[in-house]
Amino acid sequence: LARIRTHHLQQAKNDGGHFAMLTAYEQYTAEIFDQAGIEVLLVGDSASNNVFGNETSLPVTVDELLPLCRAVARSAHRALVVADLPFGSYEVSAEQAVATGVRFLKEGLAHAVKIEGGAFYASTVRAMVQAGIPVMAHIGFTPQSEHSLGGYRVQGRGDDAQRLVDDAVALQDAGAFCVLMEMVPAETAAAVDAALRIPTVGIGAGNVTTGQVLVWQDMAGLRGGKMAKFVKQYADLRGILSEAATAYGEDVRSGQFPGPEHSF
Ligand code: KIV
Ligand code: NA
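38 is the number of the first residue of the sequence shown in UniProt numbering; add one for each residue after it.
Pasting the structure below:
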C-alpha cells in the first residue's frame, strides 16, 4: 500500500470523507495500527504522561521523543507519521522551530510535525513549511499551556469561537496542512472546519472534523483512572494484561510454568 501523504488528507476533506489518527510511541502499536489502516500516527508529547510517567506533557524532551519517533516511523509502512514538538523546543523563534523540526524529520524519520498555538505562530509555521517541514497546527485546548489556561478547560465557547476561527485561518494561510482542535464545542469546531480549505482533526471537538484522534492507551483501555468525556474505549487492555500477568505469576510460583513443552 502506498504511503499516506498530506495530499491524501486534503483529498478526504475535499470529498467530505474522514480519516483516523492514533498516537503511537513504539514498534508493535505502530505496526498494529498501521496494518489496521489508521491513516495518521502521532508520536505525541503525550508520551510524557503515557510512556515516561510524568503528570503532564511539559517535562518531555526532544531527546526523549526522537527515539520513539524513529521506532514508529520504522514500523509504519503506510501511515503518515507526525511528531509533536515538545514544550520549549519551538516557542523561542522561527529559527528554533525550524531547527527542531529538522531534527524530527532527519533523526526521528517523521513525515510532519505538530506544534501548539494560534495566529501568533503563523510566522513560525511559514518558516518551517519553507524549510520543507509539513506542519499540523494544534489549537483549542493546548496541553503545553495548561498552566496559563488554568487547567483542562474547553476552549472556544461563545464569543471565543471567532478567535479560534481567526487562529485557524492564520495558520492555514501560513501553510499548515491541517488544523487539530482539542476540547472545543462541536459547534465551534464546525465553524472552524467550514472556514478552512485544509483538513481538520478533532479530539473532543464533535464529529464534523475531517479526522479524529485519540491517545491509543485511552482508546484501548490500557491506562487506568478516569477517562475524559471525549474518550471512547474500544478494548480493556489493562484488564487483559493484568489477568495475563497474574496468571503467569501464579504459574511460576506454583511450578506450573515452564512445563515440559517449554523445556529443552
Ligand atoms: O500528544 C498528544 O497525544 C496529542 C493529541 C492528543 C492531539 O497532541
Ligand atoms: Na500533544
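Glycine included, C-beta positions come from ideal geometry on N, C-alpha and C.
Predicted model, so just to flag it, every value in this text is computed and none were measured.
Residue i: CB within 7 Å of a non-hydrogen atom of ligand 1
| i | result |
| --- | --- |
| Asp204 | no |
| Val99 | no |
| Ser130 | no |
| Ser94 | yes |
| Thr247 | no |
| Lys219 | Checking the sequence shown, residue 219 turns out to be Glu, not Lys. Yes, the beta carbon of Glu219 sits closer than 7 Å to at least one heavy atom of ligand 1. |
beta-carbon residue i near ligand 2 non-hydrogen atom, thresh 7 Å
| i | result |
| --- | --- |
| Pro180 | yes |
| Asp255 | no |
Straight-line Cα distance separating residue j from residue i
| i | j | result |
| --- | --- | --- |
| Thr43 | Glu287 | 49 Å |
| Glu153 | Glu144 | 21 Å |
| Thr98 | Glu63 | 16 Å |
| Val119 | Ala147 | 6 Å |
| Ala49 | His184 | 35 Å |
| Tyr65 | Gln249 | 21 Å |
| Ala159 | Met173 | 12 Å |
| Val206 | Cys215 | 11 Å |
| Gly81 | Arg290 | 39 Å |
| Gly195 | Phe157 | 21 Å |
| Asp197 | Asp203 | 10 Å |
| Thr179 | Pro96 | 15 Å |
Residue j beta carbon less than 8 Å from that of residue i
| i | j | result |
| --- | --- | --- |
| Leu251 | Leu59 | yes |
| Thr237 | Thr246 | yes |
| Glu219 | Gly177 | yes |
| Val191 | Ala164 | no |
| Leu122 | Val150 | yes |
| Ala113 | Ala67 | yes |
| residue 6 | Leu201 | A query on residue 6 cannot be resolved here, the shown segment of the chain reaching from 38 to 301 and no further. |
| Trp253 | Ala61 | yes |
Proximity winner among the options, relative to residue i (alpha-carbon distances)
| i | options | result |
| --- | --- | --- |
| Val268 | Ile240, Gly54, Tyr285 | Ile240 |
| Ala116 | Val221, Gly296, Phe56 | Phe56 |
| Gly188 | Ala73, Thr66, Glu92, Glu68 | Glu92 |
| Thr137 | Asp100, Val109, Ala108, Ala156 | Asp100 |
| Pro222 | Ala211, Pro104, Gly193 | Gly193 |
| Arg234 | Gln254, Gln209, Ala227 | Gln209 |
| Asp71 | Ala108, Gly53, Asn86 | Ala108 |
Contact test: residue i Cβ vs ligand 3 heavy atom, cutoff 7 Å
| i | result |
| --- | --- |
| Leu79 | Ligand 3 is absent from the structure shown, which contains only ligand 1 and ligand 2. |
Task: Within 5 Å of ligand 2: residues by beta-carbon to any heavy atom - done: Any residue whose Cβ sits closer than 5 Å to a heavy atom of ligand 2 makes the list: Gly81, Asp82, Asp121.
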